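Asker: Residue numbers (this note's numbering): 527 to 1123. Yeah, the Cβ is synthetic: ideal placement off N, Cα and C, and Gly gets one too. All values reported here derive from a predicted model rather than from experimental measurement. Here it is: the structure, laid out below.
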Amino acid sequence: MWILGISAYYHDSAAALVKDGRVIAAAQEERFCREKHYAGFPVQAVQYCLREAGLSLAEIDNIVFYEKPFLKFERLLETYHAFAPRGFRSFVRAMPLWLKEKLFQKRLLQQAFAEIDPALDIRDRLLFSEHHLSHAASAFYPSPFEKALILTMDGTGEWATTSVMLGEGRELRLLKELHFPHSLGLLYSAFTYYCGFKVNGGEYKLMGLAPYGRPVYVDLIRAHLIDVAEDGSFQLNMSYFDYCTGLTMTNRRFDKLFGRGPRQAESEITQLDMDLACSIQTVTQEIILRMARALRREYGVGNLCLAGGVALNCVANGELLRDSGFENIWIQPAAGDAGGALGAALVGHHLYHERPRLSHDGRDGMQGGYLGPAFTDQEIETALQGSGLHYERLAENALIESAAAALAQEKVIGWFQGRMEFGPRALGNRSILGDPRSPRTQAVMNLKIKFRESFRPFAPSVLQEDVADYFQFSGDSPYMLLVAPIQPHRRRPLTATQQALTGVAQVNAARSDIPAVTHVDYSARIQTVSAETNPLYHRLISAFKARTGYGLVVNTSFNLRGEAVVCTPEDALRCFASNEMDVLYLGNYRVLKATAA
């Protein structure tokens, strides 16, 4: 049975294809259309999924949309009614779009699919899941657990902002939930907005900024913005927020509380921004940890699955792993709305059609997250011809040795191999790589390669078998969703000059023998690399280790700031030509700038 899942019309639209409960293909539309966080119908992602399986749309048994638009419309109307007459301007702007398009999403979907196959009427094949059910399904069904609690936290779905479900076999059962407007995701996004970053995209910047600050506003946040119960449930004081009925996240009362208005985008990041980031990160971690501990005590289940946008907060995830009391935690790598497409397809298979789960033999069912398109050597060479770049085809062993040698010489390389990753993280197939030993690597990659803020940390891809040698962590983190401390024996004392650094200048102090992946709080966001899941990437890191003694590399996504991660060889070549990357390894080809030929 073939089931296609769709998420669309909010942000990060995507498509995912499942056959008999097994994930065949999944991709975000932004990778094809090149518009980051694209919200429209994922036509190219759908076409890719069909192409990957060799199917026509007519051969799909069901199409499942990831949420129920009527429930969302109900929440919108009830919210405006509750806050009236506040929010009239927002209401006037929202209603025409809902009445024209979103309320009649079934018709909108029919029209979109008719562009793919004009002869096909999909009405009898179209199903609708619920937003948090889709998230929960995406977390539980691919997990390695037969039974688990599922915690879903995000901005909001139809009504739910936090939900707890129990997964057992093929069944999902709702245990409890919190409703809009009380949302941990929206609270974090409010601070994202206030600190000058984009909502639904800049939250990871706020998380990366947090270690530069101090938690001096924690008590103020607790006293005025949020009331947290012993079990981690919470209520927000909505008099400080404007997202229910306004056109912004926060209001003047929020400004007065912290002594200024929202930071203008691209303006200087101040100590206040750093301290706010640190404070809201601290509060967020405390709430998630308190909630998880209470769930562990209440239900006695030792496995926990996570999904929803908040599950991308890898610092909080690291705390959960260490201190929540759960024996095992598994996080859906596409935890945001893109992953809702996969969850919707799995809801169709396991709940609508009542089909049993597949056994993953103790592993998860995400195939390392490598669920997007791959490209043949012929397709790559066609892209290379006329590019103006110097290239040569290498045997695999020579390719590995060349790339390892370049990294050992502190060069920054592009690494484009195999199937594209599903989810926001590059996991070694659409990556930019560097030497973790070099104190220059972080600044070069941020400022000259990615063209992004200097404070942004980089993640290490480390051989799974070597992870405990570098980090206080002994498990598996294949999806770069866990933060752990650097091992004490790798840390380096700071000089008096380095200790005197403040603000984002702290990034310039080398804190360990792997400074390029050591954040200012001596932590790192880890990706463990397995020879089974990604043998080519594992071989590359092993070859780098043979040359340097270090079994890890710096890994960041293959894109420029503000752009989606590259999908095709053409995307990779454009990106490579527009920055100061040294070498590109594109499939079996080594590519140099024309001047370096």
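From this set, LEU712, GLY531, GLY728, which residue's C-alpha is nearest LYS562's C-alpha?
Answerer: Per the Cα distances, GLY728.
Asker: Could you tell me which whole alpha helix (DSSP H) segments of length 4 or greater appear in the stretch 751-838?
Answerer: Within the stretch 751-838, the complete alpha helix (DSSP H) runs of at least 4 residues are 778-784, 797-825.
Asker: From GLY960 to ILE532, what does the alpha carbon distance come to, in whole angstroms?
Answerer: Rounded to the nearest angstrom, the two C-alpha atoms are 36 Å apart.
Asker: Note the first and the last residue of the continuous alpha helix (DSSP H) segment covering ASN923.
Answerer: That run of the alpha helix (DSSP H) goes 922-934.
Asker: Does the Cβ of TRP528 have 16 or more other Cβ atoms within 10 Å, making it buried, or fewer, making it exposed?
Answerer: Answer is buried; the Cβ neighbour count reaches 16.
Asker: Quick test of the definition: if touching needs 3 or more C-beta pairs under 8 Å, does the stretch 1030-1046 touch the stretch 963-982?
Answerer: The stretch 1030-1046 vs the stretch 963-982: in contact.
Asker: Among PRO668, THR1021, VAL1080, GLY826, which has the Cα closest to the Cα of LEU868?
Answerer: Among PRO668, THR1021, VAL1080, GLY826, the Cα nearest to that of LEU868 belongs to PRO668.
Asker: If you draw a straight line from the C-alpha of ARG633 to the C-alpha of ILE857, how long is it?
Answerer: In a straight line, the C-alpha of ARG633 is about 34 Å away from that of ILE857.
Asker: Under the rule that 16 or more other beta-carbon atoms within 10 Å means buried, what is GLU656, buried or exposed?
Answerer: Buried, by the Cβ-count rule.
Asker: With a threshold of 16 other CB atoms inside 10 Å of the CB of SER715, please say whether the residue is buried or exposed.
Answerer: That one is buried.
Asker: Measure the C-alpha to C-alpha separation of THR1094 and GLN893 and round it to an integer number of angstroms.
Answerer: Taking the straight line joining both Cα atoms gives about 20 Å.
Asker: Quick check on ILE958: does DSSP put it in helix, strand or coil?
Answerer: Here ILE958 sits in strand by DSSP.
Asker: I need the boundaries of the beta strand (DSSP E) containing PRO1011, first residue and last residue.
Answerer: That run of the beta strand (DSSP E) goes 1008-1011.
Asker: Using a Cβ-Cβ cut-off of 7 Å (strictly less than) and excluding sequence neighbours within five positions of CYS1101, which residues of its own chain qualify?
Answerer: Answer for CYS1101: PHE1084, ASN1085, LEU1086, VAL1092, listed in chain order.
Asker: Apply the 10 Å Cβ neighbour rule to THR1044 and answer buried if 16 or more other Cβ atoms are within range, or exposed otherwise.
Answerer: Its Cβ being crowded by 16 or more others within 10 Å, THR1044 is buried.
Asker: Report the rounded CA-to-CA distance for SER660 versus ARG816, giving the unit in angstroms.
Answerer: Their backbone Cα atoms lie some 24 Å apart in a straight line.
Asker: From the DSSP output, in three-state form, read off GLN968 for me.
Answerer: Helix.
Asker: Can a CB atom of chain D be found closer than 7 Å to the CB of SER660?
Answerer: Among the chains of the structure shown, chain D does not appear; only one protein chain is present.
Asker: So, is GLY940 buried or exposed, given that buried needs 16 or more other C-beta atoms within 10 angstroms?
Answerer: Buried: at least 16 other Cβ atoms inside 10 Å.
Asker: Output needed for MET800: all residues of its chain with C-beta closer than 7 Å, excluding positions within five of it in sequence on either side, in chain order.
Answerer: Closer than 7 Å at the Cβ level, and outside the excluded window around MET800, lie LEU735, TYR738, GLY739, GLY1029.
Asker: Figure out for me which residue from GLN811, LEU915, SER1056, ILE814 has the closest Cα to the Cα of ARG889.
Answerer: Per the Cα distances, SER1056.
Asker: Taking its Cβ as the centre, do 16 or more other Cβ atoms sit within 10 Å of LEU1078, making it buried, or is it exposed?
Answerer: Classification for LEU1078: buried.
Asker: Kindly indicate which residue of LEU543, PRO568, LEU838, VAL569 has the alpha-carbon position closest to the one of GLY580.
Answerer: Nearest option by C-alpha distance: LEU543.
Asker: Quick check on HIS875: does DSSP put it in helix, strand or coil?
Answerer: In this structure, HIS875 counts as helix in the three-state DSSP scheme.
Asker: Within the same chain, show all residues whose beta-carbon is closer than 8 Å to that of TYR536, passing over the 5 residues directly before and after it, in chain order.
Answerer: Taken in chain order, the residues that qualify are ALA565, ASP863.
Asker: May I ask which residues mark the beginning and end of the alpha helix (DSSP H) holding TYR1202?
Answerer: What the structure shows of the chain is the stretch from 527 to 1123, and residue 1202 is not part of that stretch, so it cannot be assessed.
Asker: Going by other Cβ atoms of all chains shown within 10 Å of its Cβ, with 16 needed for buried, is TYR606 buried or exposed?
Answerer: For TYR606, the predicted model reports a pLDDT of 49, less than 50, meaning its position is unreliable; a value from the coordinates is still stated below. Buried is the call here.
Asker: From TYR730 to ALA803, what distance separates their C-alpha atoms?
Answerer: Cα-Cα distance, rounded: 11 Å.
Asker: Where does TYR556 sit, in a helix, a strand or coil, going by DSSP?
Answerer: Looking at the sequence provided, one finds Glu at residue 556 rather than Tyr. Helix, per DSSP.
Asker: Since ALA686 and HIS658 are thought to touch, with beta carbons under 8 Å apart, how far apart are those beta carbons, to the nearest angstrom?
Answerer: Right, the Cβ-Cβ distance comes to about 4 Å (below 8 Å), so this counts as a contact.
Asker: Can you grab the Cα-Cα spacing for the pair ALA1122 / GLU907, in whole Å?
Answerer: Legend: pLDDT at ALA1122 = 45, less than 50; position of this residue unreliable, value from coordinates given subsequently. Computed Cα separation, rounded: 19 Å.
Asker: Do ARG779 and SER765 have their C-beta atoms closer together than 7 Å?
Answerer: Yes, Cβ-Cβ distance for ARG779 and SER765 is below 7 Å.
Asker: Since MET946 is in the alpha helix (DSSP H), which residue starts that stretch and which ends it?
Answerer: Premise fails: MET946 is in no alpha helix (DSSP H) and is neither H nor E.
Asker: Starting from the C-beta of LEU751, find all residues in its chain whose C-beta is less than 6 Å away, skip the five residues before and the five after it, and write them out in chain order.
Answerer: Within the same chain, LEU751 has close Cβ partners ASN763, TYR766.
Asker: Given a cut-off of 7 Å on the beta-carbon distance, is the pair GLY949 and ALA860 in contact?
Answerer: Result yes, Cβ atoms of GLY949 and ALA860 sit closer than 7 Å.
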